[in-house]
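A.B. asks:
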Amino acid sequence: MAQAQDTPDPKPVAPYSPGVMTGDGLLFISGQIPINPDTGVIMKGDISKETRVVMERIGIVLENNEMDFSNLVKCTIFLTDIRDYKAVNKVYASFFKDGFPAREAIEVSNLPLGAAIEISGIASKR
């Protein structure tokens, strides 16, 4: 049976759970966007900073489920401008110590609240 995560941070911007844990130890992490945790306002204008905030938000969901970035097995990155790919990769890679999860990056026309990046993931308790 899956269990929705009910924690105050990161606070969702719509009716969804930041993460849902299945009975077999899979954690499905909802797409995270770069919301400033102090103001609740979407960050814009610096894709590197935005990516760091998104990854930090994913880190919170992982920590809330007694996991870390080494538990990620799959990520999906959504970008409104694929030209940001190189800058995103540089920040993204800095969160991993031993190998990377499977991943794809997809250019999309729009993201919630006008975000330039959104990342979702699947983690596994090994």
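Following this note's numbering, the numbering of the sequence shown begins with 13 at its first residue and continues without gaps. Ideal Cβ positions, reconstructed from N, Cα and C, are used throughout, including at glycine.
Starting from the C-beta of M13, find all residues in its chain whose C-beta is less than 7 angstroms away, skip the five residues before and the five after it, and write them out in chain order.
C.D. replies: Summary for M13: the model assigns pLDDT 49, below 50, so the residue's position carries little reliability, and this model does not support an answer.
A.B. asks: DSSP beta-bridge partners for S132?
C.D. replies: According to DSSP, S132 bridges with T88.
A.B. asks: Output yes or no for whether 8 angstroms exceeds the beta carbon distance between V103 and A135.
C.D. replies: For V103 and A135, no; Cβs fall outside 8 angstroms.
A.B. asks: Measuring alpha carbon to alpha carbon, tell me which of A105, V120, N122, S121 ends up nearest A114.
C.D. replies: Comparing Cα positions, the closest option is A105.
A.B. asks: What are the boundary residues of the alpha helix (DSSP H) that S29 is part of?
C.D. replies: Per DSSP, S29 belongs to no alpha helix (DSSP H) and is neither H nor E.
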